[in-house]
DNA sequence: TCACATTGAGTGGTCAGACCACTATGCAAA
DNA sequence: TTTGCATAGTGGTCTGACCACTCAATGTGA
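Residue numbers (the numbering used here), protein chains in the order written: chain V, 2 to 216; chain L, 2 to 216.
So, in structure tokens, the structure goes:
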């Protein structure tokens, strides 16, 4: 019936976004019933429900049996609002996604490197050891550790989202050069050398990005 | 059949996690087909699909028509736990919002200051003039200009959102000290002195934030 | 009139079955 | 051996049917 590459339920998620906007449905407000959405969007109910379930798991909507579906009242949960734009709207420019993501990563590096407590954690030595013994450490493992330690859940959450919705631009590019940068980064963090750490990060990232086209 | 308060599809999400663990399905690995899950979990296929769709929107799984459902290629299944935790309870602090926002602002400053083209724009002189003549420039005007010039729509959008949904911690705090920092910032941008610009920004922001803590 | 019980419409929750579109696989034909 | 095609298996979608629940209109008895 529908050869679209984009899956129907994602289409519906977008439609819902527009609907909420055009009908000015506010947090706590009621959305059209599933059966009404079926008519208006000309899709099956199960498909509508797949879209709604996804949004519910994300905390964007709330369903009450016998009553209806409601926009989550996130007056106190602004996080959700931010997440919703990521999910509901298209992040077109891949480049923007990558840069923003790198911004978050760099800030995490700055925060961690600037914390006397965090730079003394054994994890850095552990990673350095792994690097020298196994010859490889996954980029994501390091970055994730940094984001988590920087202790900003909002940033961490955004990072996850950006990571998911922007394709991974860093291919398995393991070679000696990369390992040097990684080692520099880890060492700089250990030493609390903030700008040196960022610089190593940049060099590392540039190396991995270079393999790609002039995006 | 099921009067449980917990919704079935959430139950299935949990079951899936257990299943992944017990069968040691690794990232990239294949999950049981929808029809097999129906038999094993004794539920309807649409219910299974609701659970799968949610996980897909979260980026935890990936589905390929004609092939099957696969675990997204994460390094650690710890990610799943972390994400789940986020979904279940959204602990956010206003502080996180502010810090994340400042991260975006600082990156914009770095980008603009590092661009020979951007630092030569007349807008900086214009703002400096306004500052000396009128004795005041709105913080938001400057920051917005920076964000826009940094030419990253995603960051700009995120910034707007954070600004809108996180309360504004910086209110009319105009005094001589603040103007000094603003002037330093603008001058540093003009000169292309990246770190000096960031430093001025930090001092400026600290000043405004400090005034608020006493409230 | 008032308080309470009943009923019915509307809504989300779940299930079963039916197609469709796509993919991989194995077997038969060249 | 290589090629081509039929087929089984998979996700994608739709339909219709119940169930469980909520709410408000309705009805009923004191």
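Every residue gets a Cβ at the ideal spot worked out from N, C-alpha and C, and that includes glycine.
The structure presented is a predicted model; accordingly, all values stated were derived computationally and were not measured.
| query | result |
| --- | --- |
| Near-chain V residues of the region 189-211 of chain L - C-beta to any C-beta below 8 Å | 196 |
| Per DSSP, cross-strand counterpart(s) of residue 69(L) | 65(L) |
| Residues near residue 106(V) by beta carbon distance below 6 Å, same chain, minus five either side | 144 |
| Minimum C-alpha distance to residue 49(V) - residue among 58(V), 37(V), 59(V) and 193(V) | 37(V) |
| Neighbouring residues, chain L, relative to residue 153(V) (Cβ below 8 Å) | 97, 100 and 101 |
| At least three beta-carbon pairs within less than 8 Å, the region 7-14 of chain L to the region 20-34 of chain V | no |
| Residues of the region 25-53 of chain V with Cβ closer than 7 Å to any Cβ of chain L, in chain order | 47, 50 and 51 |
| Those residues which DSSP pairs with residue 31(V) across a bridge | 71(V) |
| For residue 60(L) and residue 70(L), believed in contact at Cβ under 8 Å, the rounded distance | Not confirmed; about 13 Å, so no contact. |
| Straight-line gap, residue 202(V) to residue 205(L) (C-alpha atoms, nearest Å) | 27 Å |
| Proximity test, Cβ basis, 8 Å: residue 59(V) and chain L | yes |
| Distance cut-off 7 Å: residue 23(L) Cβ against heavy atoms of the ligand GTP | In the structure on display, the ligand GTP does not appear, and there are no ligands present to speak of. |
| Assumed close pair residue 97(V), residue 155(L) - CB separation to whole angstroms, cut-off 8 Å | 4 Å |
| Residue 183(L) vs residue 150(L) beta-carbon contact at 8 Å | no |
| Reduced DSSP category for residue 139(L) - H, G, I as helix; E, B as strand; rest coil | coil |
| Neighbour flag for residue 10(L) against chain V, beta carbons, 8 Å | yes |
| Nearest residue (CA-CA) to residue 179(V), options 139(V), 189(V), 25(V) and 196(V) | 139(V) |
| Chain-ordered chain L contacts of residue 156(V) [CB-CB under 8 Å] | 97, 100, 101 and 104 |
| Beta-carbon neighbours of residue 116(V), restricted to chain L and to distances below 8 Å | Chain L residues near residue 116(V): none, gap ~13 Å exceeds 8 Å. |
| Neighbourhood of residue 122(L) by C-beta, 8 Å cutoff - its chain only, sequence neighbours within 5 removed | 150 |
| Same chain, Cβ closer than 6 Å to residue 32(L), neighbours up to 5 away in sequence not counted | 70 |
| Contact with chain L by residue 133(V), beta-carbon distance below 8 Å | no |
| CB of residue 153(L) within 8 Å of CB of residue 101(V), strictly | yes |
| Residue 108(L) at chain V interface by Cβ criterion, 8 Å | yes |
| Cβ separation of residue 147(V) and residue 110(V), assumed to be a contact under 8 Å, to the nearest whole Å | 6 Å |
| C-alpha distance - residue 65(L) paired with residue 56(V), whole-angstrom precision | 21 Å |
| Beta-carbon proximity check, residue 189(L) vs residue 116(L), cutoff 8 Å | no |
| Alpha-carbon to alpha-carbon, residue 197(L) and residue 186(L) | 7 Å |
| Contact set for residue 125(L): own chain, Cβ-Cβ below 7 Å, skip 5 residues either direction | 187, 190 and 191 |
| Residue 55(V) at chain L interface by Cβ criterion, 8 Å | yes |
| C-alpha distance - residue 87(L) paired with residue 128(L), whole-angstrom precision | For residue 87(L), the predicted model reports a pLDDT of 41, less than 50, meaning its position is unreliable; a value from the coordinates is still stated below. Roughly 42 Å between the two C-alpha positions. |
| Per-residue burial, residue 118(V) [other beta carbons within 10 Å of its own, 16 or more giving buried] | exposed |
| Nonlocal neighbours in the same chain, by C-beta distance under 8 Å from residue 35(L), ignoring five residues either side | 46, 49, 50, 53 and 70 |
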